[in-house]
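Protein chains: 2
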Amino acid sequence: MLKEYIRRKAALIDQSLDELLPSQDTYPPVIYEAMRYSIFAGGKRLRPVLLMAAADAAGGNGETFRHVACGLEMIHTYSLIHDDLPAMDNDDYRRGKLTNHKVYGEGMAVLAGDGLLTAAFEVMLDQPGVDPAVLVRVVREIALAAGPRGMVGGQAVDLISEGRAIDGKTLTFMHRAKTGAMFRASIRAGALLAGASEEQLAALTEYAEQFGLAFQITDDILDVTGTQEKIGKPVGSDVRNQKVTYVTLYSILAARQLARESVDKALSELEGFGGEAEILRELVKYLLSRDS
Amino acid sequence: MLKEYIRRKAALIDQSLDELLPSQDTYPPVIYEAMRYSIFAGGKRLRPVLLMAAADAAGGNGETFRHVACGLEMIHTYSLIHDDLPAMDNDDYRRGKLTNHKVYGEGMAVLAGDGLLTAAFEVMLDQPGVDPAVLVRVVREIALAAGPRGMVGGQAVDLISEGRAIDGKTLTFMHRAKTGAMFRASIRAGALLAGASEEQLAALTEYAEQFGLAFQITDDILDVTGTQEKIGKPVGSDVRNQKVTYVTLYSILAARQLARESVDKALSELEGFGGEAEILRELVKYLLSRDS
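Chains A and B are the protein sequences, given in the same order. For the first sequence, the positions run 765 to 1056 when the numbering used here is used. For the second sequence, the positions run 765 to 1056 when the numbering used here is used.
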């Protein structure tokens, strides 16, 4: 059921991204080519799927909100392009393909990221069928989550922490900001767009916090136990880059235990929901068995 | 009158930016320090001033819209930070001060730009006292102007054109996208926020097109005839970087004539306005005598 749901939603997102991003026939072609290269480089579309699943859980129809969902994916993709730059993580490969700057050069990769980030706001603010006051609130929350108080702030901590000893508190801040904030915004966006009650919104927000934590811990575990074929990048890059992770700070066993606890907390938040939240339940359970 | 107007509005914008951007006491301090370094590096606040002057001309009170006005300045500043990067123009100085990456390093400069761009949308969407439907339209127009169909697209053409012969048509596209689109969005934002009539909006839009053109031509002239003290960067950088400009493509004399024609057209668009558009008239006339 989860697999089929993800397959269907991801196909809708891919099709929507293709419609919403200008084609490579637009002048100047190179910037659209560079943006499209990374957008269609095989992402799992997890943030759009979370938005849609949260909207479904709150009693709405997640597929209605594909503009905002596509914006989330564009913001995620921009962050990967900039993160891979030589001045940042200096990665040559991402998901088994050359990174943006290896194909288009550093300058164009900076611009492709800037273009995706900016276009994301244009696309989200073009979402039809939503009360403008709700749309303003949702897009503002997404900007907050993506900006210096969220993702960009987490990246900054990541950048200044490389090769340094950091404590558990800093690690938690970094991940909450770097990936957690956007998961939280994706889920809250779905809930708000679907007209969730205050009670539903609070439960889904706490679910989102735990989802983000479990995602990051299992991501750190995968960097040690995964295979290059599955995760699409060299295994052990965190260790080589002297990055502090949940695995280097604790142990694989302790990290697995932490991940399980987060998943249990996330599930308990959904107890007040019925079958319409089943996808959210499966999504967070899936994190414990992910191999990519 | 113009000087005093600009002084007053720029002071308001500086104060608002200081309020709206988190302080350097926020964790992690380095990203806020880097963002603030460039925001307070002595910009003329031209885009916020244009927004306010256009709102005044349309019968509103420009000072009301300081959130959107600050967002414009944050977007402008992000574009300068990324434009100065080694992979782009590779400039060490901007307005007589070290560029962002020379102070904070390339990685942090990328993030400071990303942070300003993202925070701009958060700040703009927090603009009080405006009908949400109007706010959505205005911020969406600004995103369109800043993105691949506007500023980012212009930067891309600039990047691929360095050291190449380009024709007048390409030059016009590049500047219209790179700087013109944001001038246009600033002026239209002011008009729309102030509730301009369709007729007023059309006239102010055409004024904006001509303003942008005159600005770019006089900018190209300044790169040849200006002094480093006044313009804050080495004179003749366009020639050294083999950039095609209005001066290299035509001549200083012909470029001056083109600028005068644009200013005249801009003024004629304001004929239906009274004294409330006097600042817009003075602003465009000022371009012909600017020395920075």
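Even glycine gets a Cβ: it sits at the ideal position worked out from N, Cα and C. Treat the numbers as computed from the prediction; the structure is a model and nothing was measured.
Anything in chain B within Cβ reach of residue 796 (chain A), meaning under 8 Å, just list it in chain order. 912
Where residue 1052 (chain A) meets chain B, residues with beta-carbon distance less than 8 Å: Result: empty, since nearest Cβ-Cβ is about 31 Å, beyond 8 Å.
Going by the DSSP bridge assignment, what does residue 861 (chain A) pair with across the sheet? A:858
Where residue 954 (chain B) falls, given that 16 or more other Cβ within 10 Å makes a residue buried: buried
Reference residue 828 (chain A), options A:837, A:1006, A:812, closest by Cα: A:812
In this structure, how does DSSP classify residue 954 (chain A) when only helix, strand and coil are distinguished? helix
Measuring CB atoms only, is the stretch 915 to 929 of chain A touching the stretch 785 to 801 of chain B, in the sense that at least three cross pairs come out at less than 8 Å? yes
The stretch 895 to 909 of chain A: which residues have C-beta closer than 7 Å to a C-beta of chain B, in chain order? 896, 897, 899, 900, 903, 904, 907, 908
Can you find the residues in the same chain that come closer than 6 Å, C-beta to C-beta, to residue 1091 (chain A), ignoring five residues on each side of it along the sequence? Outside the shown range of chain A, which is 765 to 1056, sits residue 1091 (chain A), and nothing can be said about it.
Return the CA-CA distance between residue 837 (chain A) and residue 881 (chain B), expressed in angstroms with no decimal places. 17 Å
Cβ-Cβ distance between residue 879 (chain B) and residue 892 (chain A) below 7 Å: no
Going along chain A, which residues have a C-beta under 9 Å from residue 976 (chain B)? Going along chain A, no residue has its Cβ under 9 Å from residue 976 (chain B), so there is no contact; the nearest lies around 18 Å.
If we ignore side chains and look at the alpha-carbon of each, how far apart do residue 772 (chain A) and residue 1033 (chain B) end up? 52 Å
Residue range of the alpha helix (DSSP H) that includes residue 930 (chain B): Premise fails: residue 930 (chain B) is in no alpha helix (DSSP H) and is neither H nor E.
Cβ distance (whole Å) where residue 817 (chain A) is taken to contact residue 960 (chain A) below 8 Å: Residue 817 (chain A) to residue 960 (chain A), Cβ: 13 Å. No contact.
Quick check on the DSSP output: the alpha helix (DSSP H) that includes residue 1021 (chain A) runs from which residue to which? 1016 to 1033
Continuous beta strand (DSSP E) assignments of at least 3 residues falling wholly in the stretch 779 to 825 of chain A: none
So residue 1011 (chain A) and residue 1028 (chain A) are supposed to be a Cβ contact under 8 Å. How far apart are they, rounded? At roughly 20 Å, the Cβ-Cβ gap does not stay under 8 Å, so residue 1011 (chain A) and residue 1028 (chain A) are not in contact.
Roughly how many whole angstroms lie between the Cα atoms of residue 976 (chain B) and residue 906 (chain A)? 32 Å
According to DSSP, is residue 984 (chain B) part of a helix, a strand, or is it coil? helix
I'd like to know whether the C-beta of residue 921 (chain B) is nearer than 7 Å to at least one C-beta of chain A. yes
Going by C-alpha to C-alpha distance, which of B:935, B:1025, B:1037 sits closest to residue 1009 (chain B)? B:935
Mind listing which residues of the stretch 872 to 895 of chain B have their C-beta closer than 7 Å to chain A's C-betas, in chain order? 872, 874, 875, 878, 879, 881, 882, 883, 885, 886, 889, 890
For a contact meaning CB atoms closer than 7 Å, what does residue 727 (chain B) contact in chain A? Residue coverage of chain B in this structure runs from 765 to 1056, which leaves residue 727 (chain B) outside it and unanswerable.
Output needed for residue 843 (chain B): all residues of its chain with C-beta closer than 7 Å, excluding positions within five of it in sequence on either side, in chain order. 915
How far does the alpha helix (DSSP H) with residue 765 (chain B) in it extend, from its first residue to its last? Careful: residue 765 (chain B) lies outside any alpha helix (DSSP H) and carries neither H nor E.
With 7 Å as the threshold, decide whether the Cβ of residue 990 (chain A) is near any Cβ in chain B. no
Going by beta carbon distance, what residues of the same chain come within less than 6 Å of residue 834 (chain A), once the five residues before and after it are set aside? 780, 781, 784, 887
Below-7 Å beta-carbon distance, residue 846 (chain A) vs any chain B residue: yes
For residue 999 (chain A), does the three-state DSSP call read helix, strand or coil? coil
Straight-line Cα distance separating residue 794 (chain B) from residue 786 (chain B): 12 Å
Counting along the chain, where does the alpha helix (DSSP H) carrying residue 895 (chain B) start and finish? Where residue 895 (chain B) is concerned, there is no enclosing alpha helix (DSSP H), given that its DSSP letter is neither H nor E.
Below 7 Å CB to CB, which residues in the same chain sit around residue 820 (chain A) once its five sequence neighbours on both sides are set aside? 826, 1040, 1043
When DSSP labels each residue in this structure, what does residue 1007 (chain B) get in the three-state scheme? coil
May I ask which residues mark the beginning and end of the alpha helix (DSSP H) holding residue 1053 (chain B)? Unbroken run through residue 1053 (chain B): none, as it is neither H nor E.
For a contact meaning CB atoms closer than 7 Å, what does residue 917 (chain B) contact in chain A? 792, 795
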